[in-house]
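Numbering (the numbering used here), first residue to last: 89 to 358.
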């Protein structure tokens, strides 16, 4: 692990804790954030010791979204020619999208722990995670509509699969804020907690449960779920048959079955 400007990263008990670490700026997503998150998830992908990721924000808030100074710096690059401006903007948008694609494409489960503000780009980020948990007083909002733009880093593409098309449209068109309890009712978060301490304990408990399972089985399960987002049922069945033709030969299957029969906790290799 390297030193990061926008994040704090720790690895303990097979769990990588990735914390946005700009609390003095409400964890706004600056230029360092967008580049470092790609490097961090590349390290996570390459490190067999990591079995699950917890993504959180330092301080009172998860994140207020994209740093307005970053938007201003992009604006300063624009000139009088509309065609060249469009090329510059498109290149920057695709670059930002790639940062959250790195989260979505991670083969290990990623769990978001949300407190305080989760606004704009932060919704894009948690939409790329496998699961989301929050405090009851967390505040979620697709804020892009309020600054005169359409969300363009993943919310409009991923959120309908999480909360449904109709509710996504309502939140995206109005920009209204919902709290943790409503987020849970909508299915945006799996569970809510009374405060940050309870949130961290609850999320780490879920992470430990996942980390105790066969990493071959967990990553295979995630790959099958992700594949089915964009394919038909028969395509998914064909894919899992091919996948398991290889993966069922793993020693993890024998370890799990032996542990189950002896009523002991299994220990899986990385």
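Ideal Cβ placement from N, Cα and C applies to all residues, glycine included. The structure displayed is predicted, hence computed values, not measured ones.
Based on DSSP bridge pairs, tell me the residues matched to residue 141.
As a working note, residue 141 is residue 53 in the chain shown. In DSSP, residue 141 forms a bridge with 104, 198.
By a C-beta neighbour count over all protein chains shown, 10 Å radius and 16 as the cutoff for buried, is residue 273 buried or exposed?
Taking the first residue of the chain shown as position 1, residue 273 is located at position 185. That one is exposed.
Whole angstroms are fine: how far does the CA of residue 231 sit from the CA of residue 309?
Indexing the chain shown from 1 puts residue 309 at position 221. Indexing the chain shown from 1 puts residue 231 at position 143. Approximately 33 angstroms, taken between the alpha carbons.
Between which two residues does the beta strand (DSSP E) containing residue 386 stretch?
Absent from the model: residue 386. The displayed extent of the chain is 89 to 358, so no value can be given.
Give me the residue from 343, 358, 131 with the minimum Cα distance to residue 351.
Your numbering for residue 351 matches position 263 in the chain shown. For residue 351, the nearest C-alpha among the options comes from 343.
Taking buried to mean at least 16 other C-beta atoms within 10 Å of its own C-beta, is residue 213 buried or exposed?
In the chain shown, the residue the question calls residue 213 occupies position 125. So residue 213 counts as buried.
If residue 140 and residue 196 are in contact, beta carbons under 8 angstroms, what's the gap, nearest whole angstrom?
Your numbering for residue 140 matches position 52 in the chain shown. Your numbering for residue 196 matches position 108 in the chain shown. With a Cβ gap of about 6 angstroms, residue 140 and residue 196 count as contacting.
Contact check, residue 226 vs residue 206 under 8 angstroms by CB: the rounded distance?
Against the chain shown, residue 226 aligns to sequence position 138. Against the chain shown, residue 206 aligns to sequence position 118. With a Cβ gap of about 6 angstroms, residue 226 and residue 206 count as contacting.
Starting from residue 221, follow the beta strand (DSSP E) in both directions and report where the run begins and ends.
Numbered from its first residue, the chain shown carries residue 221 at position 133. Here the beta strand (DSSP E) through residue 221 covers 219-223.
Between the Cα of residue 266 and the Cα atoms of 291, 222, 154, which residue gives the shortest distance?
For the purposes of this step, residue 266 is identified with residue 178 of the chain shown, where counting begins at 1. Checked all of 291, 222, 154; the closest Cα to residue 266 is 222.
In the DSSP assignment, what residue or residues form a beta bridge with residue 280?
As a first step, residue 280 must be located in the chain shown, where it is residue number 192. Residue 280 is bridged to 222.
How long is the line joining the alpha carbons of residue 285 and residue 318, rounded to whole angstroms?
Stepping through the chain shown from its first residue, residue 285 is reached at position 197. Stepping through the chain shown from its first residue, residue 318 is reached at position 230. Rounded to whole angstroms, residue 285 to residue 318 spans 37 angstroms at the Cα level.
Within this structure, are the beta carbons of residue 276 and residue 251 separated by less than 8 angstroms?
Counting from one through the chain shown, the residue named residue 276 turns up at place 188. Counting from one through the chain shown, the residue named residue 251 turns up at place 163. Contact: yes.
According to DSSP, is residue 228 helix, strand or coil?
Your numbering for residue 228 matches position 140 in the chain shown. Strand at residue 228.
Report the CB separation of residue 115 from residue 150 in whole angstroms; it is logged as a contact under 8 angstroms.
Counted from its first residue, the chain shown places residue 115 at position 27. Counted from its first residue, the chain shown places residue 150 at position 62. Sure, about 7 angstroms apart at Cβ, within 8 angstroms.
Going by beta carbon distance, what residues of the same chain come within less than 6 angstroms of residue 281, once the five residues before and after it are set aside?
Within the chain shown, numbered from 1, the residue matching residue 281 stands at position 193. Cβ neighbours of residue 281 beyond the five flanking positions: 223, 287, 290.
Between residue 123 and residue 198, what straight-line distance do the alpha-carbon atoms span, to the nearest angstrom?
On the chain shown, residue 123 is found 35 positions in, with the first residue counted as 1. On the chain shown, residue 198 is found 110 positions in, with the first residue counted as 1. Rounded to the nearest angstrom, the two C-alpha atoms are 18 angstroms apart.
Counting only the same chain and skipping the five closest in sequence on each side, list residues whose C-beta sits under 6 angstroms from that of residue 347.
Within the chain shown, numbered from 1, the residue matching residue 347 stands at position 259. For residue 347, where only same-chain residues beyond five positions count, the Cβ hits under 6 angstroms are 354.
What does the Cβ neighbour count give for residue 102, buried or exposed, with the cut at 16 atoms within 10 Å?
To locate residue 102, count along the chain shown from 1; it is residue 14. Looking at its Cβ environment, which holds 16 or more other Cβ atoms inside 10 Å, residue 102 is buried.
Could you check whether residue 184 and residue 241 sit closer than 8 angstroms to each other, using their CB atoms as the reference points?
For this step, residue 241 is matched to residue 153 along the chain shown. For this step, residue 184 is matched to residue 96 along the chain shown. Cβ atoms of residue 241 and residue 184: closer than 8 angstroms.
Straight-line Cα distance separating residue 164 from residue 302:
On the chain shown, residue 302 is found 214 positions in, with the first residue counted as 1. On the chain shown, residue 164 is found 76 positions in, with the first residue counted as 1. Here the C-alpha atom of residue 302 lies approximately 50 angstroms from the C-alpha atom of residue 164.
Just the Cα atoms here: how many angstroms apart are residue 209 and residue 129?
On the chain shown, position 121 is the one that residue 209 refers to. On the chain shown, position 41 is the one that residue 129 refers to. Their Cα atoms are separated by approximately 18 angstroms.
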